[in-house]
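Peer 1: After the structure tokens below, expect a handful of questions from me.
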Ligand code: BV8
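In our numbering, the protein residues as written are 968 to 1215.
And the structure:
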């Protein structure tokens, strides 16, 4: 896929004047790796109810059911690899720009692609948290031998994931908001931009006069407020964007 010359020139022109670049990613960036999105035609929320599986109330009601769902997702995720879009962002991180990657994804594919600085707004599916002590640790057991899994203290653990109705980590949210406010250029890749507070970062960046580019095959609620809405798959567009940024 070639990016329209006009669009490529605009991005190149803005990048030349930019020091701080922010990427905000969502499930769409992992779609080409084989990870299901949440709200698309085959999206997870088409077959499962978020209220039954991704809320603290659901976990309190039935921790086994919630863990079975996460165990299934972990099994599906384990063999999957980062795609061209993850790799393009990891490449851009190695350039001279000051890059902040903010992701809503919990799949860990950005890190697997080599990104070092990644603000995970909604946690990580490979981390668990003791419901009693709050201790966070990695758990890579696939499939899980005991559901729900337990902490050494004897309490059960929960996925270290931010569920609906729960607050995001204050430190992560403040770093993400400040990166958005101080950015010169922001790329929003593969998100439906409906879940708050992540969906407000493009607005914060716009208000701070950053140049905002959206990459998504579909229109979203923020398409109207961005500078460029690029209707493309992340795996097609991001390698070109990396090339444009690296050519400067
Ligand atoms: C909070 C974890 C304070 C589970 C997730 C009313 C108004 C405003 C806000 C609210 C409201 N009612 C409730 C709220 C708050 C709520 C919220 O925003 N709800 C929305 C839905 C209305 N938010 C919260 O609860 C947050 N906490 O606000 O705390 C508070 C406290 C108490 C009470 C109130 C407030 C916590 C949110 C965290 C939710 N956790 N998941 C898990 O993963 O196991 S959300 C879930 O959605 C995922 O994490 C995901 O990351 C996130 C965002 O979705 P996307 O990543 O955008 O994915 P989606 O499928 O939607 O879209 C994919 C896109 O990719 C599409 O646009 C598609 O076109 C595109 N695409 C497809 N293929 C490609 C592609 N793009 C590029 N290339 C491709 N190849």
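Idealized CB from N, CA, C, for every residue including glycine.
Bear in mind the structure is a predicted one, so any value in this text is a computation, not a measurement.
Below 8 Å, can you find three or more Cβ-Cβ pairs linking the stretch 1172–1182 to the stretch 1190–1203?
Peer 2: Yes: the two stretches touch, three or more of their Cβ pairs being nearer than 8 Å.
Peer 1: Check whether the stretch 1144–1155 touches the stretch 985–1000, taking contact to mean three or more Cβ pairs, one atom from each stretch, closer than 8 Å.
Peer 2: Cβ pair count under 8 Å is three or more, so yes.
Peer 1: Can you tell me where the beta strand (DSSP E) with residue 1153 in it begins and where it stops?
Peer 2: That run of the beta strand (DSSP E) goes 1152–1156.
Peer 1: So for residue 1110, helix, strand or coil by DSSP?
Peer 2: The answer is coil: DSSP assigns residue 1110 none of H, G, I, E or B.
Peer 1: Please state the DSSP three-state secondary structure of residue 1056.
Peer 2: Note: residue 1056 maps to helix in three-state DSSP.
Peer 1: Would you list the residues sitting across from residue 1126 in a DSSP beta bridge?
Peer 2: Beta-bridge pairing links residue 1126 to 1095.
Peer 1: Closer than 8 Å is the cut-off here; do at least three beta carbon pairs connect the stretch 1186–1196 with the stretch 1032–1049?
Peer 2: Verdict: no, contact absent.
Peer 1: Express the C-alpha separation of residue 1073 and residue 1220 in angstroms, rounding to a whole number.
Peer 2: There is no way to answer for residue 1220, as the model of the chain reaches only from 968 to 1215.
Peer 1: Count the other CB atoms within 10 Å of the CB of residue 1132; is the residue buried (16 or more) or exposed (fewer)?
Peer 2: Counting Cβ neighbours within 10 Å, residue 1132 comes out exposed, since fewer than 16 surround it.
Peer 1: Can you list, in chain order, the residues of its chain with a C-beta nearer than 6 Å to that of residue 1055? Leave out the 5 residues immediately preceding and following it.
Peer 2: Closer than 6 Å at the Cβ level, and outside the excluded window around residue 1055, lie 1205, 1206, 1209.
Peer 1: Got a sec, what are the start and stop residues for the beta strand (DSSP E) residue 1065 sits in?
Peer 2: 1065–1070 is the span of the beta strand (DSSP E), which, as asked, contains residue 1065.
Peer 1: Residue 1049: buried (16+ other C-beta within 10 angstroms of its C-beta) or exposed?
Peer 2: Buried, since its Cβ has 16 or more Cβ neighbours within 10 Å.
Peer 1: Between residue 1005 and the rest of its own chain, which residues show a CB-CB distance below 6 Å, the 5 nearest in sequence each way excluded?
Peer 2: The answer, listed in chain order, is 994, 1011, 1012.
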